[in-house]
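Data first, discussion second: the structure below is written as structure tokens.
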Amino acid sequence: MPATPTTDPLQRERDHLAASRAALRAMREDVESLDIRDVTGTWVTALVLQNQIEARIAALADLSHTPLFFGRLDYLHAVSGELSEGSGGESFYIGRRHVHDADGDPMVIDWRAPVSQPFYRASRTEPLDVERRRRFGYTGGELTAYEDEHLSDPAEDETSSALLAAEIEKPRVGPMRDIVATIQPEQDEIVRADISGTLCVQGAPGTGKTAVGLHRVAYLLYAHRERLARTGTLVIGPNNAFLSYIEQVLPALGELDVAQATVQQLVGHVEVRGEDSPEAARLKGDARMAEVLRRAVRSGIALPTEPCVVVRGSRRWRVPVHELVGIIEELKDREIRYGAAAEALPQRIAHAVLLKMEQAGEAPDDRVQDAVARNAAVKAVVRQCWPAVDPAKLVLRLLSEPEFLADCAEGVLSAEEQSAVLWPKRGRSVKTARWTAADAVLVDEATDLVRRTASLGHVVLDEAQDLSPMQYRAVGRRCTTGSATVLGDLAQGTTPWATASWPEALHHLGKPAAHIEELTKGFRVPEEVIAYASRLLPSIAPGLNPASSVRAAPGSLTIRQVDGEERTEAVVEACRRALEREGSTGLIAADARVPLLAEALAQAGLAHLAPGTETSAEARLTLVPASLAKGLEYDYVVLDEPAAVVAGEPDERTGLRRLYVALTRAVSGLEVLHAEPLPEQLR
1222 MPATPTTDPL QRERDHLAAS RAALRAMRED VESLDIRDVT GTWVTALVLQ
1272 NQIEARIAAL ADLSHTPLFF GRLDYLHAVS GELSEGSGGE SFYIGRRHVH
1322 DADGDPMVID WRAPVSQPFY RASRTEPLDV ERRRRFGYTG GELTAYEDEH
1372 LSDPAEDETS SALLAAEIEK PRVGPMRDIV ATIQPEQDEI VRADISGTLC
1422 VQGAPGTGKT AVGLHRVAYL LYAHRERLAR TGTLVIGPNN AFLSYIEQVL
1472 PALGELDVAQ ATVQQLVGHV EVRGEDSPEA ARLKGDARMA EVLRRAVRSG
1522 IALPTEPCVV VRGSRRWRVP VHELVGIIEE LKDREIRYGA AAEALPQRIA
1572 HAVLLKMEQA GEAPDDRVQD AVARNAAVKA VVRQCWPAVD PAKLVLRLLS
1622 EPEFLADCAE GVLSAEEQSA VLWPKRGRSV KTARWTAADA VLVDEATDLV
1672 RRTASLGHVV LDEAQDLSPM QYRAVGRRCT TGSATVLGDL AQGTTPWATA
1722 SWPEALHHLG KPAAHIEELT KGFRVPEEVI AYASRLLPSI APGLNPASSV
1772 RAAPGSLTIR QVDGEERTEA VVEACRRALE REGSTGLIAA DARVPLLAEA
1822 LAQAGLAHLA PGTETSAEAR LTLVPASLAK GLEYDYVVLD EPAAVVAGEP
1872 DERTGLRRLY VALTRAVSGL EVLHAEPLPE QLR
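In structure tokens form, the structure reads like this:
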């Protein structure tokens, strides 16, 4: 006998969840059972199809602790568009991926579909034809609660969502989670912005800019999958610890093919083994170095002094000097890539020879032109006038030879600046030279001057405020024909070359027409914590509006002054107290104090992780050098000695910015311990 439908609303939702999970399993089993032996023509097509099937199977994985759907929309009328069939009063469950039953009818709608958009945008002032929005609460993967908003009922009071607040404040153990269930209207506008333009997001701490950028990638892959599958997508982060922290967000949304890298990995033409002084790094990152490199690449171009004589059979064909000069001058004036010009030059000389052949009554074809272009005399002219350039060897010479640098930097860099850029010790070879991170970017620029860098369809650049102009150029040439999403916070710029303004940064990126959005409403950092950290803004970023938070959490901020001799012990005890609560704990300290604190934690029996290592229920404490704290979040943060964090940087402004980052990593609570006086801006 068929089961009697239950009258319990919560049980009905649980039944739908169970049915949806069964449907997802059936979808996965259908893919697993595919037999491609009779449809593949070659081993290549078989391999491609098998890889696609395996990717589809992975995308249909049912993560037991990840809710299959998190909301439901009940519409007043039939929904227009691709899901328009049916009468008024349609309901749609909103989740991380699409699930359909055996008949192909949707049981869960992908959060990126147009019909899902009102889940994030609808309000009582603009209900968007939604009668009711239902949110679901989960515990350990089990549906345990629901909450309704009747958007079309003017009599119902508008109240904040308890389930939404609980999801935002949920303790954080493990890598960064997706925010697909908690995306706010202003975030959703950014996520669904058109792919054709570049978008820059200035976001204060806790506004979710990183999550917004990742969800934007997921949305663009949904809306423009074929295009981006062909051109590629890339997420660029500041360091490997940050990339490890965010790497599970896109797979949880079913997107498995998005590459991740740091800027340093992008420009890995040489092995970085050295370190620049702050002044040398700043100058090497200056946009003026692009002109110095352009001159260096073209410095070997020479005009011929003798004609080119090509011998074919019994005939000699002579291209006079003035014609050769004209060809080379034209290639120089066109400003095409050096390598492309080097390939065009022999063909241009060969074409001049063919014209002379035709004037003499011969009828040469393209094969003759190619043969002439390979002639020894033509090759000799190319070697003399347009010599081959190895980018790494060129930069090696530029940074090792004062005379060569002076020639290339005349009128661009002063004598003092040239002296600062030069290596203290001449590099002997590309392999043995002590390349620095800034040098590697110069090699990448030179490489692009010789051969055009391949462009991707979309690039997400996070923590962009710390990039130098030359680093922006390195990223920009990887999306010259695509678009970008630039994420950052000017107040968190902690490099000597940190971005002064977004229009300037976007100019160096090659996207001056990009649209700039500002997120100032925080959801992750409590109001008490963000207000305290915002005391630093007048000193570190006077033009920025202070952030506000939707979360008031009395008692979330503690400032404690301790005796200098007891400071380390007090920090250890603060970590022990934080670990008594649910969630992750981050101990953030000046880099110089990390070894001392690591030893103290070990002696106290408190196991700790390094940044980028995934936390778990058994290991919830991470010891974080202040230099690596950017972009990371912890439920509770213990901040050791703010004055030491500031003193660890080359100048006060950079130090205060580093402190601002450290102060804004807490989701639920922050305890600051200090023996030295606090910076005056915080007193």
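Using our numbering, you'd call the opening residue of the sequence shown number 1222 and step up by one each time.
All residues carry an ideal CB built from backbone N, CA and C; glycine is no exception.
Note that the structure is a prediction, hence the values are computed from the model and not measured.
Classify L1545: buried if its beta carbon has 16 or more other beta carbons within 10 angstroms, exposed otherwise. Translated into positions along the sequence shown, residue 1545 becomes position 324. Buried.
Leaving out the 5 sequence neighbours to the left and right, which residues in its chain are closer than 8 Å to P1759 when beta-carbon positions are compared? Working through the sequence shown from its first residue, we reach residue 1759 at position 538. Result list for P1759: Q1902, in chain order.
Quick one: residues in its chain with C-beta nearer than 6 Å to the C-beta of E1632, no 5 flanking neighbours on either side, listed in chain order? Translated into positions along the sequence shown, residue 1632 becomes position 411. Reading off the sequence shown, one finds Gly at residue 1632, where the question assumed Glu. Cβ neighbours of G1632 beyond the five flanking positions: none.
Leaving out the 5 sequence neighbours to the left and right, which residues in its chain are closer than 7 Å to I1278 when beta-carbon positions are compared? Position 57 of the sequence shown, counted from the first residue, corresponds to residue 1278. Excluding positions up to five away in sequence, the list reads R1249, V1252 and E1253.
Is the number of C-beta pairs between the region 1812-1819 and the region 1858-1872 that are closer than 8 Å three or more? yes
Given this structure, state the Cα-to-Cα distance separating A1239 from A1887, to the nearest angstrom. Counted from its first residue, the sequence shown places residue 1239 at position 18. Counted from its first residue, the sequence shown places residue 1887 at position 666. Their Cα atoms are separated by approximately 36 Å.
Cβ neighbours of E1492 in the same chain (closer than 7 Å, five flanking residues each side left out): Sequence index remark: in the sequence shown, residue 1492 carries index 271 (1-based). Result list for E1492: W1656, in chain order.
With DSSP as the reference, please indicate the residues paired to Q1782 in a beta bridge. Start at 1 with the first residue of the sequence shown, and residue 1782 comes out as number 561. Q1782 is bridged to H1895.
Give me the Cβ distance between T1428 and T1789, rounded to the nearest whole Å; I'm assuming they're in contact under 8 Å. Stepping through the sequence shown from its first residue, residue 1428 is reached at position 207. Stepping through the sequence shown from its first residue, residue 1789 is reached at position 568. Incorrect: roughly 34 Å between the Cβ atoms, too far for contact.
How many Å lie between T1779 and G1826 at the Cα? In the sequence shown, the residue the question calls residue 1779 occupies position 558. In the sequence shown, the residue the question calls residue 1826 occupies position 605. Approximately 24 Å, taken between the alpha carbons.
In the DSSP assignment, the beta strand (DSSP E) including G1709 goes from what residue to what residue? Residue mapping note: residue 1709 aligns to position 488 of the sequence shown, counting from 1. Segment S1704 to G1709, the beta strand (DSSP E) holding G1709.
Option nearest G1833 by Cα separation, candidates E1854, A1334, L1765 and Q1824: Looking up residue 1833 in the sequence shown gives position 612. It is E1854.
Span of the alpha helix (DSSP H), counted from its first residue to its last, around Q1639: Taking the sequence shown and counting its residues from 1, one reaches residue 1639 at position 418. Per DSSP, Q1639 belongs to the alpha helix (DSSP H) from A1636 to V1642.
Assuming L1289 and S1337 form a contact by the criterion Cβ under 8 Å, report the distance between their Cβ atoms to the nearest whole angstrom. On the sequence shown, residue 1289 is found 68 positions in, with the first residue counted as 1. On the sequence shown, residue 1337 is found 116 positions in, with the first residue counted as 1. L1289 to S1337, Cβ: 14 Å. No contact.
Using the C-alpha atoms, what's the distance from G1714 back to A1819? Within the sequence shown, numbered from 1, the residue matching residue 1819 stands at position 598. Within the sequence shown, numbered from 1, the residue matching residue 1714 stands at position 493. Looking at the two C-alpha atoms, the distance is approximately 27 Å.
Quick one: using the 10 Å Cβ neighbour count with 16 as the cut-off for buried, is L1477 buried or exposed? One-based indexing of the sequence shown puts residue 1477 at position 256. The residue in question, L1477, is exposed, as its Cβ has fewer than 16 Cβ neighbours within 10 Å.
Supposed close pair L1842, C1796 - CB separation, criterion 8 Å: Position 621 of the sequence shown, counting from 1, holds the residue named residue 1842. Position 575 of the sequence shown, counting from 1, holds the residue named residue 1796. Contact holds; Cβ gap of about 6 Å.
Rounded straight-line distance, which links the Cα of E1556 to that of R1398: Along the sequence shown, one-based indexing puts residue 1398 at 177. Along the sequence shown, one-based indexing puts residue 1556 at 335. If you take the alpha carbons of R1398 and E1556, they lie about 47 Å apart.
Would you mind reading off the limits of the beta strand (DSSP E) that contains R1364? Against the sequence shown, residue 1364 aligns to sequence position 143. The sequence shown places Leu at residue 1364, rather than the Arg named in the question. Start and end: E1363 to H1371.
On a CA-only basis, which of I1548, A1654, L1575 and W1644 is nearest V1603? Give me that one, please. For this step, residue 1603 is matched to residue 382 along the sequence shown. The residue with the shortest Cα to Cα distance from V1603 is I1548.
L1808 and L1844 look like a contact to me (Cβ under 8 Å); what is the Cβ gap, rounded to whole Å? On the sequence shown, position 587 is the one that residue 1808 refers to. On the sequence shown, position 623 is the one that residue 1844 refers to. Yes, they are in contact, since the Cβ atoms of L1808 and L1844 sit about 5 Å apart, within 8 Å.
Between the C-alpha atoms of G1785 and P1396, what's the straight-line distance to the nearest angstrom? By 1-based counting over the sequence shown, the position of residue 1785 is 564. By 1-based counting over the sequence shown, the position of residue 1396 is 175. If I take the Cα positions, the gap works out to 35 Å.
With C-beta atoms as the reference, is L1349 less than 8 Å away from P1335? Position 128 of the sequence shown, counted from the first residue, corresponds to residue 1349. Position 114 of the sequence shown, counted from the first residue, corresponds to residue 1335. No, they are not a contact pair.
By Cβ distance below 6 Å, which residues in the same chain neighbour V1470 in space, the five residues on each side in sequence not counted? Here the question's residue 1470 lines up with position 249 in the sequence shown. Closer than 6 Å at the Cβ level, and outside the excluded window around V1470, lie M1397, D1399 and L1435.
According to DSSP, simplified to helix, strand and coil, what is G1307? As a first step, residue 1307 must be located in the sequence shown, where it is residue number 86. Confidence is the limiting factor: at G1307 the pLDDT is only 37, short of 50, which leaves the residue's position unreliable and the question unanswerable from this model.
Taking contact to mean 3 or more Cβ pairs, one atom from each stretch, closer than 8 Å, check whether the region 1503-1514 and the region 1671-1682 are in contact. no
If you reduce the DSSP assignment to three classes, tell me which class E1787 lands in. Working through the sequence shown from its first residue, we reach residue 1787 at position 566. In the structure shown, E1787 sits in a helix (DSSP, three-state: H, G or I).
Three or more C-beta pairs below 8 Å linking the region 1874-1894 and the region 1728-1740: no
Have a look at D1861, K1851 and E1748 and flag the residue whose alpha-carbon is nearest the alpha-carbon of R1879. Here residue 1879 refers to the residue found at position 658 when the sequence shown is read from its first residue. Checked all of D1861, K1851 and E1748; the closest Cα to R1879 is K1851.
Go ahead and label D1374 buried or exposed: buried means 16 or more other beta carbons lie within 10 angstroms of its beta carbon, across all protein chains shown. Working through the sequence shown from its first residue, we reach residue 1374 at position 153. Burial call: exposed.
C-alpha distance - D1861 paired with V1792, whole-angstrom precision: Residue numbering aside, residue 1861 sits at position 640 when the sequence shown is read from its first letter. Residue numbering aside, residue 1792 sits at position 571 when the sequence shown is read from its first letter. Approximately 7 Å between the Cα atoms of the pair.
Straight-line Cα distance separating D1665 from S1621: The residue given as residue 1621 occupies position 400 in the sequence shown. The residue given as residue 1665 occupies position 444 in the sequence shown. Looking at the two C-alpha atoms, the distance is approximately 18 Å.
Report all residues from its chain with a CB closer than 6 Å to the CB of G1358; omit the five preceding and five following residues, and keep chain order. Taking the sequence shown and counting its residues from 1, the one referred to as residue 1358 is at position 137. These residues qualify, in order along the chain: T1365, A1366 and L1384.
Taking 8 Å as the threshold (C-beta atoms), are R1437 and V1412 in contact? The residue given as residue 1412 occupies position 191 in the sequence shown. The residue given as residue 1437 occupies position 216 in the sequence shown. Going by C-beta atoms, V1412 is nearer than 8 Å to R1437.
For V1513, which residues from the same chain have a beta carbon less than 6 Å from its beta carbon, with the 5 sequence-adjacent residues on both sides left out? For the purposes of this step, residue 1513 is taken as residue 292 along the sequence shown, with counting starting at 1. Within the same chain, V1513 has close Cβ partners C1629, A1630 and V1633.
Sheet register partners of Y1296 (DSSP bridge): The residue labelled residue 1296 in the question sits at position 75 within the sequence shown. Answer by DSSP bridge pairing, in chain order: V1351.
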